[in-house]
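First comes the structure, then the notes that go with it.
Residue numbers (UniProt numbering): 1 to 182.
Okay, structure coming up:
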């Protein structure tokens, strides 16, 4: 049964598949007001490559892929490799142990946010055992709480941003708890 689920998922998500076509209608990285949203994390070389260019390439690849050799190329910078927008864990992994690592990551984050004119970034991809949280002076918000039964099977949590103020809404024991930030 698990094998059938893997086959079904692969069919839905393969380039040109029904779910891939739906996901291809959306951006792989999105800027809303002063906030950047992406699955893994945005880095300076992604900004230099061009966010709109990446979004178009990923969309085209996901929606219009043909298995012929003249089909669209896999958009490597966005979807492949440890430092792609989709797979990057630089900002969301457990905090660096050494102070210089924290300073290095903060510097990369600052460079990235300045390059896109943003004050904060929201990322997923790395389940957070303690729920939605912020790092690097509330410039990074990690929102992957691992709701899937195959990951942490945790309760839903929401990061709400209104008037540039972020707050976490979580459902603990069927009571909603709101934690205000910023």
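Cβ atoms here follow ideal geometry from the backbone N, Cα and C, with glycine treated the same way.
As summarised for the stretch 91-127, the continuous beta strand (DSSP E) elements at least 3 residues long and confined to that stretch are 120-123, given in chain order. Boundaries around residue 140 are those of the beta strand (DSSP E), 140-142, since no alpha helix (DSSP H) includes it. For residue 61, the enclosing alpha helix (DSSP H) covers residues 51-64.
Judged by beta-carbon spacing, residue 126 lies beyond the 8 Å limit of residue 43, meaning their Cβ atoms are not closer than that value. Distance from the CA of residue 39 to the CA of residue 103, rounded to the nearest whole angstrom, comes to 23 Å. Counting along the chain, residue 30 sits inside the beta strand (DSSP E) bounded by residues 29-32. Here residue 129 is exposed: its Cβ has fewer than 16 other Cβ atoms, across all protein chains shown, within 10 Å. The C-alpha of residue 3 lies about 29 Å from the C-alpha of residue 85. A straight-line Cα-Cα distance of about 10 Å links residue 12 and residue 22. The C-alpha of residue 50 lies about 14 Å from the C-alpha of residue 79. For the pair residue 36 and residue 134, the Cα-to-Cα distance works out to about 14 Å. Counted as a single uninterrupted DSSP element, the beta strand (DSSP E) harbouring residue 158 occupies residues 157-162. Boundaries of the alpha helix (DSSP H) harbouring residue 7: 2-13, taken from the DSSP string. According to the DSSP secondary-structure assignment, residue 151 is paired through a beta bridge with no residue. Annotation: the continuous alpha helix (DSSP H) that includes residue 77 extends over 76-79. DSSP, read as helix, strand or coil, puts residue 166 in strand. Distances from the alpha-carbon of residue 166 to those of 155, 153, 132 and 150 put 132 closest. If you draw a straight line from the Cα of residue 59 to the Cα of residue 75, it is about 10 Å long. The residues 136, in chain order, have a CB closer than 6 Å to that of residue 106 in the same chain once the five nearest residues on each side in sequence are set aside.
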